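Asks: Mind having a look at this structure? Questions to follow.
Right, dumping it as structure tokens:
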């Protein structure tokens, strides 16, 4: 996983600098229908290489992260004359970088690719670490491969084009990385409002800290054998909240669900690992004021438990495996948790937020 | 590329032994319409694991090494309950192992796979080394990835089911490996008739030597940056013979074309690198008696040269890059060769065979 992480307020010039001396046979860009108009022109105005690159635009949205789009992109790369010495530049959120990364990893058995994430979630999560892929047969990321981008260029340049809800959703992953890092990083992250403070100049340093947390974990465990599971913090309950909301016909953004899930994880950490409430209460207050309440009732618990039990990370059938925290920066993976403990945690959650 | 190469006259029991202690969540087999009836029953009769594995059969033939078959195999793996801890066993020639390997490498971002090649070419070439893929957009192996099988189980058990022409075609690659290995290996290979002597018991040791030559080269250069190009010996002219025959509507087996191409390579080695004729004459005699003549005329030269110039391994436009030999076992890659030299070599070829 030799990805060069480049943090820059000027992603266009940073890309040109990255390309120096690399002699790519040709450069191709992939955008979606949003970033084709909101990001590519900005990049092309400040990068001579991107200005001259041939662009292909996929339709935006998770529902297009599929085999048909992938096949069309392969065809485009061929007709554009791409070779294994060419470069594909993926400009967009996780859908674009996941699909583009997989296309590059498999075109002629692999060409280099660079990600320029345009969303908060993309910047701190999807755009590096080597997971690429598409949805297939109704399942997310069912088909894919581990293939690291040659570089990921991270900036906050494009965040102002995003809806506030999407910024907050991505910021939940930054809160997660802070929790996995240290108490100091957590309090720094909780002191920042990613919407109100976006123009403050403090976002880029926070992005850098956040990415470095994930990069450190991925480097230690690229294929998710152990430590990388700590990145699931908040996701076990989070996925259940997300799935329940979907089933109710009132979907919530992924990061909102993860935010609620992290509060559940800290409650369980308190209950099961004896962790104090010094992290839990400030986090819960932040989540309540920025993400609101998950709005669940006792009558939802059976469904939520059902979703948690179907999580692919479980190894035994009677318990649910959570990633918990002994302290900020000290994750404990695979904590087997009983349904009773989960119900208690959900009770506390609804009291807190 | 941590592939365990297993040479065995009993591939079924060898597979069961390989599986011991590996605890695969489930085992799935991929066959084509030939190996489903000619190979799988033989294996299932001697392997309890393969007897119980769920099998899926793809239609035989290179024309089915495509995205539609791949997509159907992914769907089958999902509906059969395969996980990333399952194992896919590819039973067949290069089409089956290339497509099955790619499916395994990309299903849930990668599950283990084992190849049990049933053809000579599969055994010594396609079934290990990590190249996987499908044809796409009319181009061979256009889409794929480098992913090594956990094991390749090599035997001559199934060769008696093959047409003699196909055995000889695969044997051309064994001659190539012998040439890349040593003078002794070359003369041993030239003393063997893979059709007449198939039941002699000498095939398996020859397979072992041949595979070890390729395995050594692949280990030294898994991504074809340099040394691995030596495996192209005979293929530059060979592909041209193959393409010309295809265009004429009289296709010849790949290995026959490679056999003619190796004679061309040894002629050029003599002309350009001053190599003696101690390898060339015995090889030409063997090719003439086993593979016949390519039947080309001077009027074919322009087309043959055209095919050679379009080879993807060329770096400059005015010359064609050949892999040549300084001696048996001493390949020289990227030998830039003029059209005049190639014409002279083709003249000598038509005199020799």
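Protein chains in written order, with this note's numbering: chain P, 1161 to 1513; chain H, 1161 to 1513. Ideal Cβ placement from N, Cα and C applies to all residues, glycine included. Predicted, not measured: the structure shown is a model, and the values here were computed from it.
1. If you check the beta carbons only, do residue 1226 of chain H and residue 1313 of chain H fall under 8 Å apart?
2. Would you mind telling me which residues of chain H sit closer than 7 Å to residue 1343 of chain P, beta carbon to beta carbon, in chain order?
3. Is it buried or exposed for residue 1245 of chain P, if we count other Cβ within 10 angstroms and need 16 for buried?
4. May I ask you to verify whether the segment 1324 to 1344 of chain P touches the segment 1294 to 1307 of chain P, counting CB pairs closer than 8 Å and requiring at least 3?
5. For residue 1230 of chain H, which residues from the same chain have a beta carbon less than 8 Å from its beta carbon, with the 5 sequence-adjacent residues on both sides left out?
6. List the residues of chain A whose Cβ lies closer than 7 Å to the Cβ of residue 1231 of chain P, in chain order.
7. Given a threshold of 16 other Cβ atoms within 10 Å of its Cβ, counted over all protein chains shown, does residue 1371 of chain H qualify as buried or as exposed?
8. What span of residues does the alpha helix (DSSP H) with residue 1326 of chain P cover, start to end?
9. Measuring alpha carbon to alpha carbon, tell me which of P:1291, P:1268, P:1342 and P:1257 ends up nearest residue 1276 of chain P.
10. Along the chain, where does the beta strand (DSSP E) containing residue 1273 of chain P start, and where does it finish?
11. I'd like to know if residue 1448 of chain P contacts chain H, where contact means its C-beta is closer than 8 Å to some C-beta of that chain.
12. Would you say residue 1288 of chain H lies against chain P (beta-carbon separation less than 8 Å)?
13. Could I get the ranges of all uninterrupted beta strand (DSSP E) runs contained in the segment 1198 to 1264 of chain H, with 3 residues as the minimum, in chain order?
14. Under the DSSP definition of a beta bridge, which residues are partnered with residue 1495 of chain P?
15. Using a 10 Å radius around the Cβ and a threshold of 16 neighbouring Cβ atoms, would you call residue 1180 of chain H buried or exposed?
16. Rounded to whole angstroms, what's the CA-CA distance from residue 1481 of chain H to residue 1167 of chain P? Just pull it up for me.
17. Identify each residue in the segment 1261 to 1276 of chain P for which the Cβ-Cβ distance to at least one residue of chain H is less than 7 Å, and report them in chain order.
18. Since residue 1417 of chain P sits in a beta bridge, which residues does DSSP pair it with?
19. Kindly list, in the order they appear in chain P, the residues whose Cβ is closer than 8 Å to that of residue 1385 of chain H.
20. Measure from the C-beta of residue 1238 of chain H to each C-beta in chain P and report whether the shortest distance is under 8 Å.
21. Just to confirm the assignment, what range does the beta strand (DSSP E) spanning residue 1188 of chain H have?
22. What did DSSP end up calling residue 1402 of chain H once you bin it into helix, strand or coil?
23. If you run the structure through DSSP and keep just helix, strand and coil, what is residue 1466 of chain P?
24. Would residue 1216 of chain P pass as an interface residue toward chain H - the criterion being a Cβ-Cβ separation below 8 Å?
25. Would you kindly check if the distance between the Cβ of residue 1485 of chain H and the Cβ of residue 1426 of chain H is under 8 Å?
26. What distance in whole Å lies between the Cβ atoms of residue 1355 of chain H and residue 1328 of chain H, which are believed to be in contact at a cut-off of 8 Å?
27. What does a CB cutoff of less than 6 Å around residue 1222 of chain H pick up in its chain, not counting 5 residues either side in sequence?
28. Listing by chain order, which chain H residues have their CB less than 7 Å from the CB of residue 1303 of chain P?
29. Taking its Cβ as the centre, do 16 or more other Cβ atoms sit within 10 Å of residue 1299 of chain H, making it buried, or is it exposed?
30. What residues are listed by DSSP as bridge partners for residue 1304 of chain H?
31. So residue 1443 of chain H packs on residue 1423 of chain H, CB below 8 Å; how close in whole Å?
32. Determine the DSSP secondary structure at residue 1356 of chain H, reduced to helix, strand or coil.
33. Thinking C-alpha only, which one of P:1411, P:1234, P:1349 and P:1367 is nearest residue 1269 of chain P?
34. Within the 8 Å Cβ cut-off, does residue 1291 of chain P reach chain H?
35. Beta-carbon of residue 1297 of chain P versus every beta-carbon of chain H: anything under 8 Å?
36. Please report whether the beta-carbon of residue 1482 of chain P lies at a distance below 8 Å from any beta-carbon of chain H.
Replies: In this structure, then:
1. no
2. Correct list: empty, because the minimum Cβ distance to chain H is about 34 Å.
3. Its Cβ having fewer than 16 others within 10 Å, residue 1245 of chain P is exposed.
4. no
5. Excluding positions up to five away in sequence, the list reads 1259, 1262, 1263 and 1294.
6. This model lacks chain A altogether; the protein chains it does include are P and H.
7. buried
8. 1324 to 1341
9. P:1257
10. 1272 to 1277
11. no
12. no
13. 1214 to 1218 and 1247 to 1252
14. P:1482
15. exposed
16. 42 Å
17. Residues passing the 7 Å Cβ filter: 1265, 1266, 1267, 1268, 1269 and 1270.
18. The partner list for residue 1417 of chain P (beta bridge, DSSP) is empty, contrary to what the question assumes.
19. The premise fails here: residue 1385 of chain H is roughly 11 Å from chain P at the closest Cβ pair, so nothing lies under 8 Å.
20. yes
21. Start and end: 1187 to 1192.
22. helix
23. helix
24. no
25. yes
26. 7 Å
27. 1255
28. 1234, 1266 and 1267
29. exposed
30. H:1293
31. 6 Å
32. Per DSSP, reduced to three states, the secondary structure at residue 1356 of chain H is coil, with no helix or strand assignment.
33. Taking the Cα of residue 1269 of chain P as reference, the smallest distance to any Cα among P:1411, P:1234, P:1349 and P:1367 is reached at P:1234.
34. yes
35. yes
36. no
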